[in-house]
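Here is the structure we will look at, set down as structure tokens.
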Amino acid sequence: MRTRHTLLGLTVLLVAGCASAQTPGPGSSQPARESQVGPAGAEALFPDPFPSTYKPFPSRTTLIRNATVLTGTGEEIRGGSVLLRDGKIAGVGPNLDVPADAVVIDAAGKWVTPGVIDPHSHLGVYPSPGIPSLSDGNEATDPNTAEVWAEHSIWPQDPGFGLALAGGVTALHTLPGSANLIGGRSVTVKPVPSRTYQGMKFPGAPHGLKMACGENPKRVYAARGPSTRMGNVAGWRTAFIQGQDYLDRWKKWQAAGSDPASRPARDLELESVAATLNGDMDAHWHCYRADEMVTALDIAREFGFRIASFEHAVEGYKIRDYLAESGVCSLMWPDWWGFKLEAFDGIKENVALLHQAGACAVMHSDDVQIIQFLNLEAAKALRAANEAGIPVTKAEAVAWFTLNAARAIGIDEVTGSLEVGKNADVVIWSGDPFSIYTKTEKVFVDGALLFDRAAPDPYLFGDFMLGILPGEAIR
Amino acid sequence: MTCLNEGSVSRPAMGIGIASATVRVGAFLLLVGWGGGLCPKPVGAQAVAITNGEIHTVAGAVIRGGTVVMEGGVITAVGRDVAIPAGARVIDAAGKVVTPGLFDSNTRLGVVEISSYEGTSDGSSANDRMTAAFNVAEGINPNTTLIPVTRVEGITRAIVAPVPGASLIAGTGALINLGASRLPEIVVKTPVAMYAVLGERGAGFQGGARPLALLRLREAFQDAMDYADHRAAFQAGERRDYSLSRLDLEALVPVIRGELPLVLQVGRASDILTALSLKKEFGLELVLSGAGEGWMVAREIAAAGVPVMTEAISNLPSMETLGASYENVARMQEAGVTLILTSFDGHNVRNVKQEAGFAVSYGLSHDAALRAVTLTPAEVWGVADRMGSLEVGKVGDVVVWSGDPFEILTSVEHVFIEGVEISYETRQKALLEKYRSLEGRPPWR
């Protein structure tokens, strides 16, 4: 025990002076792109043929007061109020007047945070029950399937959506799996009841290009290639060379007046790569090992596209200076390790070390259970930070599963924090969200109370669950 | 790996291999602090008194401001007015919580290192014969990096259980001491139970039909009964053919005699009822594993006196457990079912604490949750005379927590196993220390 306390004491001294210091740049910054929601509108290479039809559910002006409010922007307001009006945050502060038309919720003893955002999920594409009939997350037929779109696999009736909502989730990023070098397009949805995925699509959220490093592609394609990490790299570079040609062809055609007679042939695979090069969407790159992430940063710079997030980033702590400078978000678990060799060096302090280095640190689930308690995942990372002598407050740590997650998937301009004008995606918790005993009480999406633990709507959990069990079906 | 408190660097393992190479490896491990756990030395260990703590003995009421004394590796006193032995190390646990070391009843510790690499996965067999004689204890690697990562989180005892890989009967499990760092000391008891599976998975092993799986299991038990009664005749070649090999039959004999628990993995309510009837038919000492729909037949489980070993964090429907619910555990408790909570994990056995806390969050009492990861496992696996609670005469497996052991933010302050404080070094800590600062050091450091 003596040894341990000495180490912790030493740590405090070491980090005290540099908690907010930026590490010197390894030269890996990415081309800047203005943070914005949605593809570049009219400038997108092709308009989305499957546009969102989501409309906010009916809401009432709601004032939540007397709560401990974590805004997601690093602030904690004791006895704070949050005003939800017309689907937007209309006020946040210690004292807000009660509008005449408002439903008032006295949240004494309760905590309020922005809605939880999971930037890495396979809900809908690997739904429950997890049987082969519904296994639609990996088009593992070719190392490059940039042409597939995760939304076309989403089963809107996945019971996991409603359960995620009950866990406070108000937006989630569903990706294709990681079997392929390029696995296809991701999509951001709201876990709301809908007959169609279009009805769940987060309006204006950009697609993402799912890519995968390391063991998975080389294992899946061992027989035909790539069968090595160098084969992986060659595969990505080849795809981006072809994508650049495709983009050039279309740009040239557009510049020449878009004459229908001379329109280039369309190719869905190249189109996704070209759209990434065009900045319509960013890469979300499954990568565990430090060296491979740095290779990925080089490839992004070689071709001039952006990486929005490294998925899993188990060795992120080893290159947190690169991650901080590049602005790439790292989506992490607090404790998963060892299931593959490339995950063997996972440590509990990964999130804390990235946070300390000024890198974008984010919790993610990649899991049907964990998506329901990303707050507890953040609590684990917070404990690791505390014990390692890395000072992080709860008000800061809440960003790991709210604002930073929104940033990772390009929706931080409209959600992810309790700021006036943003979508009223709000959770009322029974207490401190970093406690195992705390549960969500009310979850608002665009101001609409969609989950109320006191009276959960059975229709939230998908058609599959209706009438399937005799008597009461509790979750 | 050797015990650090023995003062030697290494010795050739099992008398094989090249001695110098072994010493080098041993020295490396010593340097990075990997697996360097102190070997418990029950005899001669310094006396320890943990004072002023909130003591959850699990055997009785919580003692506030109490003291636990360990001498010679065992607990020698627990209470409010307790004499502290001369020369004892005193740990002031004011404001802290003191509990027995946690006991996870279903883990892969020691039989997996890198899950995806078969070469380090020894807890499961792809052999489709009934492998009742498969003894997981013979695959345990005490030098695994998983054990230090687990014990620093307050888990002191674990069952290493085989996983059904291709056959209905997976073999036997072993109880290990997470403070021991070599064979055979690490294995406290083997076998502790026989493991088998029914339901979808069992059916999948037997032509895809539940009745066929049940039939095969019944056949195995009947053959074991016949074999047990006619060993000499079998050796003389005077019995009918059996469905299992001699060694498998031999391993099943204590099961069909009700002397060794049978842990049966089932999920669906109907499969649970099938398991209960199997218990009755053969007089088994049954333990249900999983039982995701246990709440739907909780009264029947309780009436049969069958313990359930399960997890709390499961509420997604599978075709086998459409009734999966976070309230499963609490509802079974209400019905009077004996409960064990487990992680069912390897690398993250430490999350058994989260399982327990989650169960509390969804209705289980805190006392019941703590019992489900301490005393109840000790009782069910037949070692409650030695461990599972803070009682005089039991082993000194004691944890001091900064607060509620199930709270995520709670720190583990001290872990004693058999009266000896463990080493807190882990491979993960070695990595943290290497990368704690990226500045002011040569890049290879």
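Chains A and B supply the protein sequences, listed in that same order.
Note that our numbering has the first sequence beginning at 2, numbered continuously upward.
Note that our numbering has the second sequence beginning at -3, numbered continuously upward.
Every residue, glycine too, gets a C-beta built ideally from N, C-alpha and C.
All values reported here derive from a predicted model rather than from experimental measurement.
At a Cβ threshold of 8 Å, is residue i touching chain B?
i              : result
residue 422(A) : no
residue 168(A) : no
residue 137(A) : no
residue 345(A) : yes
residue 327(A) : no
residue 289(A) : no
residue 456(A) : no
residue 466(A) : yes
Apply the 10 Å Cβ neighbour rule to residue i and answer buried if 16 or more other Cβ atoms are within range, or exposed otherwise.
i              : result
residue 344(B) : buried
residue 197(A) : exposed
residue 409(B) : buried
residue 469(A) : exposed
residue 461(B) : Limits of chain B in this structure are -3 at one end and 441 at the other, which puts residue 461(B) out of reach.
residue 133(A) : exposed
residue 413(A) : buried
residue 180(B) : exposed
residue 23(B)  : With a pLDDT of 33 at residue 23(B), under the threshold of 50, the predicted position of this residue should be treated as unreliable, and no value is reported.
residue 207(A) : buried
residue 232(B) : exposed
residue 118(B) : buried
residue 136(A) : exposed
residue 356(B) : buried
residue 57(B)  : exposed
residue 276(B) : exposed
For chain A, check one thing: does any of its Cβ atoms lie closer than 8 Å to the Cβ of residue i?
i              : result
residue 110(B) : yes
residue 42(B)  : no
residue 347(B) : yes
residue 407(B) : yes
residue 353(B) : yes
residue 399(B) : no
residue 280(B) : no
residue 49(B)  : no
For the alpha helix (DSSP H) that residue i lies in, which residues bound it at each end?
i              : result
residue 362(A) : Here residue 362(A) belongs to no alpha helix (DSSP H); instead the beta strand (DSSP E) covers 361 to 364.
residue 300(A) : 291 to 304
Which stretch, first to last residue, makes up the beta strand (DSSP E) that contains residue i?
i              : result
residue 48(B)  : 44 to 51
residue 63(A)  : 63 to 71
residue 402(A) : Here residue 402(A) belongs to no beta strand (DSSP E), and DSSP marks it neither H nor E.
residue 191(B) : 183 to 193
residue 102(B) : 98 to 103
residue 159(A) : Per DSSP, residue 159(A) belongs to no beta strand (DSSP E) and is neither H nor E.
residue 287(A) : 283 to 288
So which residues on chain B does residue i lean against when the C-beta distance must stay under 8 Å?
i              : result
residue 333(A) : Neighbours of residue 333(A) on chain B: none; closest Cβ ~14 Å, over 8 Å.
residue 227(A) : Near residue 227(A) there are no residues of chain B at all, since even the closest Cβ is about 18 Å away, more than 8 Å.
residue 322(A) : 434
residue 384(A) : 404, 405, 406 and 407
Measuring alpha carbon to alpha carbon, tell me which of the options ends up nearest residue i.
i              : options                           : result
residue 262(B) : 148(B), 359(B) and 290(B)         : 290(B)
residue 306(A) : 241(A), 320(A) and 335(A)         : 241(A)
residue 424(A) : 83(A), 122(A), 299(A) and 367(A)  : 83(A)
residue 1(A)   : 260(A), 156(A) and 309(A)         : Outside the shown range of chain A, which is 2 to 476, sits residue 1(A), and nothing can be said about it.
residue 366(B) : 296(B), 156(B), 385(B) and 418(B) : 385(B)
residue 287(B) : 278(B), 267(B) and 254(B)         : 267(B)
residue 188(A) : 194(A), 182(A) and 178(A)         : 178(A)
residue 273(B) : 328(B), 387(B), 128(B) and 213(B) : 213(B)
residue 155(B) : 317(B), 399(B), 275(B) and 174(B) : 174(B)
residue 112(A) : 143(A), 65(A), 86(A) and 89(A)    : 65(A)
Mind pulling the chain A residues with CB within less than 9 Å of residue i?
i              : result
residue 344(B) : 336, 337, 338 and 339
residue 94(B)  : Correct list: empty, because the minimum Cβ distance to chain A is about 14 Å.
residue 356(B) : 437 and 438
residue 424(B) : 338, 346, 347, 348, 349 and 350
Can you list the residues of chain A that residue i reaches, using a CB-CB cut of under 7 Å?
i              : result
residue 402(B) : 437
Along chain B, which residues have their Cβ under 9 Å away from the Cβ of residue i?
i              : result
residue 370(A) : 309, 310, 311 and 312
Determine the chain B residues that contact residue i at a beta-carbon separation under 7 Å, and present them in chain order.
i              : result
residue 318(A) : 431
residue 470(A) : 318 and 319
residue 381(A) : 404
At a CB-CB cut-off below 8 Å, which residues of chain A make contact with residue i?
i              : result
residue 315(B) : 130 and 132
Would you say residue i touches the ligand GDP, meaning its beta carbon is less than 7 Å from a heavy atom?
i              : result
residue 188(B) : The ligand GDP is not part of the structure shown, which contains no ligands of any sort.
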